[in-house]
Amino acid sequence: MMDEVIKDFDREKKEMKLIDENGKRIDGRSAEELRPVKMKVGVLNRADGSAYIEWGKNKVVAAVYGPREAQPRHIQNPLKGIVQARYNMVSFSVTDRKRPGPDRRSIEISKIISEALEAAVITESFPRTTIDVSMEVLQADAGTRCAGLTAASLALADAGVPMKDLVVACAAGKVDGQVVLDLLKEEDNYGQADLPVAIMPKSEEVVLLQMDGHLTQEEFDRALSMAIEGCKKLYEMQKEALKMSVGGE
Amino acid sequence: MVFPGDEIGYSEEYLCGKGCYEKDGRIKASVFGEVSIDNNNKLLEVKPLKGEPVILHPGDIVFGRISDVRSNMAIVEIIAKEGEEKKSISALKNATLFVSQISDSYVKDISDAFRIGDVIKAKVLQVKPSLQLTMKGDNLGVVKAFCRRCKSTMRVVGSRLQCFRCKTFESRIKISEDYCKPIGIKEVE
Numbered sequence: 001m002m003d004e005v006i007k008d009f010d011r012e013k014k015e016m017k018l019i020d021e022n023g024k025r026i027d028g029r030s031a032e033e034l035r036p037v038k039m040k041v042g043v044l045n046r047a048d049g050s051a052y053i054e055w056g057k058n059k060v061v062a063a064v065y066g067p068r069e070a071q072p073r074h075i076q077n078p079l080k081g082i083v084q085a086r087y088n089m090v091s092f093s094v095t096d097r098k099r100p101g102p103d104r105r106s107i108e109i110s111k112i113i114s115e116a117l118e119a120a121v122i123t124e125s126f127p128r129t130t131i132d133v134s135m136e137v138l139q140a141d142a143g144t145r146c147a148g149l150t151a152a153s154l155a156l157a158d159a160g161v162p163m164k165d166l167v168v169a170c171a172a173g174k175v176d177g178q179v180v181l182d183l184l185k186e187e188d189n190y191g192q193a194d195l196p197v198a199i200m201p202k203s204e205e206v207v208l209l210q211m212d213g214h215l216t217q218e219e220f221d222r223a224l225s226m227a228i229e230g231c232k233k234l235y236e237m238q239k240e241a242l243k244m245s246v247g248g249e
Numbered sequence: 001m002v003f004p005g006d007e008i009g010y011s012e013e014y015l016c017g018k019g020c021y022e023k024d025g026r027i028k029a030s031v032f033g034e035v036s037i038d039n040n041n042k043l044l045e046v047k048p049l050k051g052e053p054v055i056l057h058p059g060d061i062v063f064g065r066i067s068d069v070r071s072n073m074a075i076v077e078i079i080a081k082e083g084e085e086k087k088s089i090s091a092l093k094n095a096t097l098f099v100s101q102i103s104d105s106y107v108k109d110i111s112d113a114f115r116i117g118d119v120i121k122a123k124v125l126q127v128k129p130s131l132q133l134t135m136k137g138d139n140l141g142v143v144k145a146f147c148r149r150c151k152s153t154m155r156v157v158g159s160r161l162q163c164f165r166c167k168t169f170e171s172r173i174k175i176s177e178d179y180c181k182p183i184g185i186k187e188v189e
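Protein chains in written order, with our numbering: chain B, 1 to 249; chain G, 1 to 189.
So, in structure tokens, the structure goes:
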């Protein structure tokens, strides 16, 4: 019985074409196209800063609290502030109910997002404090860490936290042997590689880079430059969202 | 309108004020806001369009709760800065208030001035190396006190405080004119 199921699954996997003859992907995008993105700044009243992002089928809310005194005291740094990000997927964010609470994956993502944001925030102005960033993934469809980080950086700007630059994130990857931008769930699951990248768009400094799967040197270089181009498009949207939050121009 | 990271000038030309930082000889914005140029002082600043973190400076008026009373000083936990009551303070919140800073006249015993749990309105004297407060000045003093017997709020009766539940009297050396006035609400004239 089980063997049959696995065979069926394998057949399905082989038959499933992620990119058709015309080079279109399953949702009709071309290789270098992003999913539709919507951003909104200042969605929560009680937080010092907040933002909401809809990226394809991803939906993420980010909230910023602080800078405020870091507790417990031993985590304080007398020379600078710290950034503590918390990435969380709610139980209804995926098709099978996700067991609530932090798991190995979300702890890892929280850590790398904290580090990416800490690179951008001017923490030296707030010794002994913490900036708490909370990201709730309401709906997930691959690329939630990029969506979360992009929203988190908007929320920081909304809170008025001084930063060297905004942070934008976007993923590229390899699907059906072809390098493509911004993978969606099926492409992530059945594709060959996923490469999330976060940059500070003005200086093009990379603040987050991960890779899942295998890419050749040439493919990697192409995927990286593609992701950076995607980040720049998102940066324009971020600026637009910030403008809208103060009544547009 | 500028965004964090946008270049707004050169270090040779201007000084870097609030809301910006210097990198490689360029002045860049660190917050989302509007640029303001002070050509007399050659100073560049970015005025934030969003709220900014609350940082205390000497001279700021703050509200705080007495968390400990020692022989010559009181430890105050700062709750909020006047005018920005809804935002939390972005720094250490524990301040000290020495007996000599309670009032202009001589204070013999600090426990005549406040008890643990009192809410006071005070002025920031010093931020570095340690946070110091003073209660000298108009309007400063105890803004809320609690009965030592039943912990209910006291009200001002003459120059003393009376508990409205058990009617006992207590005194405080310096009661603020803003005693038990709601904060953040401007009085209608």
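Virtual Cβ for every residue (Gly too), placed ideally from N, Cα, C. As the structure is a prediction and not an experimental result, all values here were calculated from the model.
Query, Result
"Could you please give the first and the last residue of the uninterrupted beta strand (DSSP E) stretch that includes G:Ser36?", "33–38"
"Under 9 angstroms between C-beta atoms, does B:Pro250 make it to chain G?", "The structure shown does not extend to residue 250 of chain B, since chain B is modelled only from 1 through 249, so no value can be given for it."
"If you reduce the DSSP assignment to three classes, tell me which class G:Tyr106 lands in.", "coil"
"Mind checking if B:Met200 is an interface residue toward chain G, Cβ cutoff 9 angstroms exclusive?", "yes"
"With a threshold of 9 angstroms between beta carbons, is G:Asp6 in contact with chain B?", "yes"
"Give the residues of chain G in contact with B:Ile82, contact being defined as C-beta atoms less than 8 angstroms apart.", "Ordered by position in chain G, no residue passes the 8 angstroms Cβ test against B:Ile82, which lies about 13 angstroms from the chain."
"Expressed to the nearest angstrom, what Euclidean distance is found between the alpha-carbon atoms of B:Lys250 and B:Glu108?", "Because chain B here runs from 1 to 249, residue 250 of chain B falls outside it and cannot be looked at."
"Checking contacts by CB at 9 angstroms: is B:Gly160 closer than that to chain G?", "yes"
"Note down, in chain order, every chain G residue with its Cβ under 9 angstroms from the Cβ of B:Gly66.", "Pro53, Ser88, Ser90"
"So which of B:Asp141, B:Met135, B:Arg29 has the shortest CA-CA distance to B:Pro102?", "B:Met135"
"I need the straight-line Cα distance from G:Asp118 to G:Ala145, nearest angstrom please.", "5 angstroms"
"Tell me which residue opens and which closes the alpha helix (DSSP H) that G:Phe114 is part of.", "No alpha helix (DSSP H) contains G:Phe114, which DSSP labels as neither H nor E."
"List, in chain order, every chain G residue whose beta-carbon is nearer than 9 angstroms to that of B:Val43.", "Correct list: empty, because the minimum Cβ distance to chain G is about 14 angstroms."
"DSSP beta-bridge partners for B:Asn88?", "B:Glu136"
"For the segment 27–42 of chain G, which residues have a CB atom closer than 7 angstroms to at least one CB atom of chain B, in sequence order?", "Ser30, Val31, Phe32"
"List, in order along the chain, the chain G residues whose C-beta lies closer than 7 angstroms to that of B:Ile122?", "Tyr21, Ser30"
"Measure from the alpha carbon of B:Met211 to the alpha carbon of each residue in B:Asn45, B:Ala198, B:Glu124, B:Lys17, then state which is nearest.", "B:Ala198"
"Give the C-beta separation of G:Tyr10 and B:Ile122 to the nearest angstrom, bearing in mind that I take them to be a contact with Cβ-Cβ under 8 angstroms.", "Going by Cβ atoms, the distance from G:Tyr10 to B:Ile122 rounds to 20 angstroms, so no, they are not a contact pair."
"Could you tell me whether any Cβ in chain B is nearer than 9 angstroms to the Cβ of G:Leu219?", "Nothing in the structure corresponds to residue 219 of chain G, since chain G is present only between 1 and 189."
"Could you name the residues of the segment 125–151 of chain B whose beta carbon sits closer than 7 angstroms to any beta carbon of chain G, in the order they occur along the chain?", "Phe126, Arg128, Thr129"
"Between the alpha carbons of B:Val64 and B:Leu154, how many angstroms are there, rounded?", "10 angstroms"
"With DSSP collapsed to three states, give me the class of G:Cys163.", "strand"
"Measure the Cβ-Cβ separation of B:Val41 and B:Ser245 and say whether it is below 9 angstroms.", "yes"
"Check the C-beta distance from B:Leu117 over to B:Val83 and give it rounded, since I have them as a contact under 8 angstroms.", "5 angstroms"
"Where B:Lys239 and G:Val2 are concerned, what is the direct C-alpha to C-alpha distance, given to the nearest angstrom?", "9 angstroms"
"Identify whether G:Ile175 lies in helix, strand or coil by the three-state DSSP scheme.", "strand"
"Would you say B:Met163 lies against chain G (beta-carbon separation less than 9 angstroms)?", "yes"
"What does G:Leu97 reach in chain B if we use C-beta pairs closer than 7 angstroms?", "Ordered by position in chain B, no residue passes the 7 angstroms Cβ test against G:Leu97, which lies about 19 angstroms from the chain."
"Just the Cα atoms here: how many angstroms apart are B:Pro67 and G:Ser30?", "15 angstroms"
"For B:Arg145, count neighbouring Cβ atoms within 10 angstroms of its own Cβ and tell me buried if that reaches 16, exposed if not.", "buried"
"Since B:Leu234 and B:Thr150 should fall inside the 8 angstroms C-beta cutoff, what is the C-beta to C-beta distance between them, to a whole number of angstroms?", "6 angstroms"
"CA-CA distance, G:Ser67 and G:Ile116?", "5 angstroms"
"So, is the C-beta of B:Leu208 closer than 9 angstroms to a C-beta in chain G?", "no"
"Pick out whichever of B:Ser114, B:Arg73, B:Glu124 has its Cα sitting closest to the Cα of B:Leu79.", "B:Glu124"
"Buried or exposed: which applies to B:Pro100, given that a residue is buried once 16 or more other Cβ atoms fall within 10 Å of its Cβ?", "exposed"
"By the criterion of Cβ-Cβ separation under 8 angstroms, what are the contact partners of B:Asp96 in chain G?", "Those do not exist, as B:Asp96 stays about 39 angstroms from chain G at its closest Cβ, beyond 8 angstroms."
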